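Participant:
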Amino acid sequence: MSVVTREGLIHPSRRATGAARVAAAAAILCLPGCGRFLGPRATLGPGSIVRGRELYNQVISDTNNQQTLELIVRARYGEPSGLLSVASVTANVRTTALANSQFGVGPTANFQGNLVPLSLGLAYEENPTIAYTPVQGERYAKNILSPIGLDMLVLLLSMEHPPHELLSVLIRQINSLQNRMYGPQQTGSAFHDSVVLLARLEDAGQATWTSTSTKDGAFALVIHDYAPANRTVVRELLQRWGLPASLAAGNGDIVLPVTMAVGRVTKPELNIQTRSVYDLIEIAASTVEVPPEDAAQGLAGPALAGPSPFRDDLKILSSSSYPSTPVLVAVRHHGYWFYIPADDGASKLTFRLLQTLIGMRLVEGTPQTTPTLTIPLTR
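Residues in the sequence shown are numbered consecutively from 1, following the working numbering.
#1: With DSSP run on the structure shown, which of helix, strand or coil describes residue 17?
#2: What span of residues does the beta strand (DSSP E) with residue 240 cover, start to end?
#3: Just reading off the alpha helix (DSSP H) that residue 200 is part of, what are its end residues?
#4: Report the three-state DSSP secondary structure of residue 352 (helix, strand or coil).
#5: Just confirm the distance between the C-beta atoms of residue 276 and residue 314, as a whole number of angstroms; I'd bet it's less than 8 Å.
#6: So the candidates are 65, 328, 252; which of them puts its Cα closest to the Cα of residue 85?
#7: Does DSSP classify residue 36 as helix, strand or coil?
#8: So what does DSSP say about residue 290, is it helix, strand or coil?
#9: Is the region 156-176 touching the region 247-264 in the sense that three or more CB pairs, one from each, lie closer than 8 Å?
#10: Whole angstroms are fine: how far does the CA of residue 164 sit from the CA of residue 272?
#11: Roughly how many whole angstroms lie between the Cα atoms of residue 323 and residue 354?
#12: Are the region 322-338 and the region 65-76 touching, with three or more C-beta to C-beta distances below 8 Å?
#13: Please name the residue in 286, 198, 329 whose C-alpha comes closest to that of residue 238.
#14: Given residue 360, which residues of its chain have a CB within under 8 Å of its CB, disregarding the five upstream and five downstream residues?
#15: Helix, strand or coil: which one does DSSP assign to residue 344?
#16: Taking residue 254 and residue 248 to be in contact with their CB atoms under 8 Å, please state how far apart those CB atoms are, rounded to whole angstroms.
#17: Which residue from 128, 129, 144 puts its Cα closest to that of residue 135?
#18: Rounded C-beta distance between residue 157 and residue 150? I'm assuming under 8 Å.
#19: With a cut-off of 9 Å, does the C-beta of residue 197 fall near any C-beta of chain D?
#20: Are the Cβ atoms of residue 319 and residue 290 separated by less than 9 Å?
#21: Given a cut-off of 9 Å on the beta-carbon distance, is the pair residue 87 and residue 140 in contact?
See the structure below:
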């Protein structure tokens, strides 16, 4: 609760009725100009909306980050976790006029100059109510287990500066090249080699993921302006994808339609299998630094046998005490703090992408008929 006061002195010898009139007049004069006496942390009217929205948005964002990190850490420990989605935020503001007076008892010399005979003020109190919806049931399971759609895949891959490892994270297979989460490193070496080749073209601005103009829901990878410098790179990439290198013979644009399919291709296109959000959580969990004590007791689940697709793009550190350095987000689990450093740009970007995908699935998977948990935040 924020309190705004405007004080004025009235000589003690004045009659009580005079004091009441002054109080009423002062209150009337104060109301139109109260904004002048409100600091940056206490505002009324439209100003309270500006500050309230900022605070609520920050708190909800922080708690969403914590929920996502806890979800990843629990997955590393092989533990189930519950999720809550913010359904609504309702805030009621109540204003109250205040009037106080001070009187002395005994000799005047004991309190002369130390009393405020009359003080006037205006106070407001904000009582927010936040409603949470439990995320569970068949609808949520389908959304979190379903492969990421081509529309979302293309949007992510067509960002201005996406990390090259994002392709390895989001895609399980391109044509005949498999990119398994588990198994020996050699299993996915051919896939990762193709990712490196594609990254060279993307860095040169010669490979673009886009939607086609032929029909809605159609997507393609367009390789363009690659000759003569990267003609050899394009041919090698096509061969790894099981496509004829002759597509690059004429130095023209190569348009490869992207479809959700399995197996080898019979025409120039990319048959892609994407991962689910559940898979992404498992991959992220493999980057969690497990404390030696928990590892010795077998509390954490097994890590990925091969190198994590995130590699150096996501680091979730652990500490027995709260980190002394700035953090993006931190949660406490099994007596340890797990956190992402605020100065780790690659981890912050990867976590933000995960947060986006998980948040999207949370919204899509939130049942509309589930009872809500409402918590009134009052004093």
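The beta carbon of each residue, even a glycine, is placed where N, CA and C say it ideally should be. Because the structure is a prediction, the values reported are computed rather than measured.
Facilitator: With the structure as the only source:
#1: Reliability of the predicted coordinates at residue 17 is poor, the pLDDT of 42 falling under 50, and the value obtained from them is presented with this limitation in mind. DSSP places residue 17 in helix when its eight states are reduced to three.
#2: In the DSSP assignment, residue 240 falls outside any beta strand (DSSP E) and within the unbroken alpha helix (DSSP H) covering 231-240.
#3: 189-203 is the extent of the alpha helix (DSSP H) around residue 200.
#4: Per DSSP, reduced to three states, the secondary structure at residue 352 is helical.
#5: Rounded, the Cβ-Cβ distance is 18 Å, inconsistent with contact.
#6: Residue 85 has its Cα closest to that of 65, out of 65, 328, 252.
#7: Since pLDDT at residue 36 reaches only 37, below the 50 mark, its modelled position is unreliable, and no value is offered.
#8: Shown here, residue 290 sits in coil according to DSSP, grouped into three states, outside any helix or strand.
#9: Here the region 247-264 lies against the region 156-176, with 3 or more beta-carbon pairs under 8 Å apart.
#10: Looking at the backbone, the Cα of residue 272 and that of residue 164 are separated by about 17 Å.
#11: Taking the straight line from one Cα to the other gives about 23 Å.
#12: Judged by Cβ distances under 8 Å, the region 322-338 makes contact with the region 65-76, as three or more pairs qualify.
#13: It is 198.
#14: Result list for residue 360: 152, in chain order.
#15: In the structure shown, residue 344 sits in coil (DSSP, three-state: anything other than H, G, I, E or B).
#16: Their Cβ separation, rounded to whole angstroms, is 7 Å, which keeps residue 254 and residue 248 in contact under 8 Å.
#17: If you compare the alpha carbons of 128, 129, 144 with that of residue 135, the shortest gap goes to 144.
#18: That pair is no contact at about 10 Å.
#19: In summary, chain D is missing from the structure at hand, where a single protein chain is found.
#20: Not in contact: residue 319 and residue 290 (Cβ atoms no closer than 9 Å).
#21: No. Outside cutoff.
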